[in-house]
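Going by my numbering, the sequence shown opens with residue -15, and the numbers climb by one from there.
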Amino acid sequence: MEQTGFSERLQDALKARRLRQSDILRVAEEEGFKLSKSQMSQYVSGRVIPRRRVMQFLAELLEVDVEWLARGSEQELPDFRLGEGSGILSEARVFRKSSKLDNVLYDVRGPVLDEACRMEEQGAQILKLNIGNPAPFGFRAPEEVLYDMGRQLKDCEGYSDSKGLFSARKAIMQYMQTKNVPGVTMDDIYTGNGVSELINLSLSALLNTGDEVLIPSPDYPLWTACVTLAGGKAVHYRCDEEADWMPDIADMRSRITRRTKAIVVINPNNPTGALYPKPVLEEIAELARQHQLMLFSDEIYDRLILNGEEHISLASLAPDLFCVTFSGLSKSHMIAGYRVGWMVISGNKALGRDYIEGLNMLSNMRLCSNVPAQSIVQTALGGFQSVKGYTVPGGRIYEQAEYIYKAVNDIPGLSAVKPKAAFYIFPKIDVRRFRIVDDERFALDLLKEKRILIVHGRGFNWPEPDHFRIVYLPRIAVLEEAMGKLKDFLAHYRQQ
Ligand code: PLP
């Protein structure tokens, strides 16, 4: 390799990107990539040519083709050559996504959905069992909610307090009292544009590069995605299908390191439909206590419990720990599109004084959450809870859960734990029987042949290709059709 040529190309690329050697060294350090100051200056001076791994790293950072950087070609600096001597870019500059997104995954709306949309554009009718969005399946918002929002709309034109309207936070505070979470004040409550916004906000305010957060596997993948985006490391603990998808506490314990800051619990669980009993929650709280960890509890499905079982808020068992509890109205009031959720700080708040400053800063920066949606929190949380009717015998969600559980287990090669809450089931596939090695391909093949859209298990950070999630929100007649097609498909499907 011709050394002077390499050094010139490196310098040209640095100049074109307006980067200095120190910038490269800083990024290398942030990403944990070994690159010393003297190595870098030897590359720039042309005394040494880097090895392949470093060449690749430099090429990615400088957004040039690695072959071009290593060997050069007729065409100098593809994509953004410098104007002669002017320092001004004379060719179209290509904009690439941030490398912060490199390991971020959100396959609930991923490539299989892209293919479904493409097929729909060509006229195909796709049965979407991929996303927990109640409205398209005929679940409507309670009339009182719609009426009250209409009444208040004219008063919702301005920004609210960044944490939310007084009436909304008061209702959330009282709701937490009914869930036996002690000591919650109005100041401890933040409303958000759905729980989604607050998951992102709460992790951005907490994590430094390399901080670890324990997250269930399978998970609702936004948690893992937001930890990664905030520079942290998502460490997955296993939930055990053999034990009705309960968190494996021994596995959780074995994954705690010096860098672990928090445990995330999703209860009721998406995608498994599990509901955690008190002893399991107590064990998790005890682990957090022993290792001085923060608890994040995502309880967005806490009112969608089947057959009258009780939901216990994790924070109610951990008054001595720093807890953040998340919930909202997307699922319980079938108004996912209105974007309204909240998070509540409880327990030993003194431990998180500095963190709370960070939360307040980020909350202030987004000004406030959707005010018309906040205006109906009080209506939604008070009085008659129409969602209850869906979850008892004769109610839609209850009956659909009963149906799907039986239908899945009746298909040879599939098995599933009975869901106790929410509206998801996470069936296991006998991968040997169907010779499945890639669950995303399984989802794609099912989509193409039967026009049914599901999400593959690895989309929920489940490590093996042997599960998928069904959203059982459609009416039983529709589910029957879907299960019939799935049975036909699996009667002949062999991936390899
Ligand atoms: N948390 C869990 C476990 C979910 O399943 C979802 C949505 O499906 C969310 C949070 C996000 O909900 P929201 O609509 O409040 O953003």
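Idealized CB from N, CA, C, for every residue including glycine.
DSSP places HIS451 in the strand class (E or B) of the three-state scheme. THR309: member of the beta strand (DSSP E) spanning 306 to 312, first to last residue.
The C-beta of GLY336 has 16 or more other C-beta atoms within 10 Å across all chains shown, which makes the residue buried.
Distance from the C-beta of ASN192 to the nearest heavy atom of the ligand PLP is not below 7 angstroms. Judged by the Cβ position, ALA209 fails to qualify as a neighbour of the ligand PLP at the 7 angstroms threshold, every heavy atom of the ligand being at least this far. Given a length threshold of 4 residues, each whole run of the alpha helix (DSSP H) inside the segment 194 to 261 is given here in chain order: 206 to 213 and 233 to 238. In this structure, the alpha-carbon of LEU288 lies about 25 angstroms from that of ASP172. By the neighbour-count definition (other C-beta atoms within 10 Å, threshold 16), VAL165 is a buried residue.
Boundaries around SER6 are those of the alpha helix (DSSP H), 5 to 14, since no beta strand (DSSP E) includes it. Straight-line spacing of the CA atoms in GLY(-11) and PHE79 works out to 26 angstroms. DSSP places ILE156 in the helix class (H, G or I) of the three-state scheme. Between GLY292 and LYS404 the beta-carbon gap is near 11 angstroms, outside 8 angstroms, which marks them as no contact. DSSP places ASP139 outside any alpha helix (DSSP H), giving it a letter other than H or E. Under the DSSP assignment, GLY107 falls outside any beta strand (DSSP E); it carries neither an H nor an E label.
For ASP224, the closest C-alpha among the options PHE410, LEU428 and VAL439 is that of PHE410.
In this structure, DSSP gives ASP171 a helical state, which the three-state scheme calls helix. Scanning its chain for C-beta atoms nearer than 6 angstroms, with the 5 sequence neighbours on each side dropped, one finds around ASP282 the residues ILE250 and PHE310, in chain order. One residue after another in chain order, those with a Cβ under 6 angstroms from a heavy atom of the ligand PLP are GLY116, GLY178, VAL179, SER180, TYR204, ILE250, ASN254, ASP282, ILE284, GLY312, SER314, ALA320 and GLY325.
Residue range 337 to 349 is occupied by the alpha helix (DSSP H) that includes ILE340. Annotation for ALA357: TYR322, ARG323 and VAL324 place their beta carbon closer than 7 angstroms to its own, counting only its chain and skipping 5 residues before and after. In this structure, the alpha-carbon of MET157 lies about 11 angstroms from that of TRP326.
As summarised for the segment 24 to 49, the continuous alpha helix (DSSP H) elements at least 4 residues long and confined to that stretch are 36 to 46, given in chain order.
In the structure shown, MET318 falls within a coil segment according to DSSP collapsed to helix, strand and coil.
In the structure shown, LEU474 adopts helical secondary structure according to DSSP, grouped into three states.
A check of alpha carbon separations from ASP423 across ILE381, PHE17, SER22 and PHE452 identifies PHE452 as the nearest. The DSSP-derived three-state label of ASP145 is coil.
Around the C-beta of SER314, 16 or more other C-beta atoms lie within 10 Å, and the residue is accordingly described as buried.
Within the same chain, Cβ atoms closer than 7 angstroms to the Cβ of GLU99 are found at LEU428 and LEU431, the five residues on either side in sequence being excluded.
Taking the CA atoms as reference points, SER83 sits about 45 angstroms from GLU383. The three-state secondary structure of VAL439, taken from DSSP, is strand. Rounded to the nearest whole angstrom, the C-alpha separation of PRO303 and ASN332 is 7 angstroms. In this structure, LEU457 keeps its C-beta atom at 8 angstroms or more from the C-beta atom of PHE41. Across the set GLU14, VAL32 and LYS469, the C-alpha of VAL32 shows the shortest separation from the C-alpha of SER22. Out of MET39, ASP139, SER186 and SER399, the CA that lies nearest to the CA of LEU(-6) is found in MET39. SER353 places its beta carbon 8 angstroms or farther from that of MET133.
Going by DSSP, ILE329 is part of the beta strand (DSSP E) stretching over 325 to 331.
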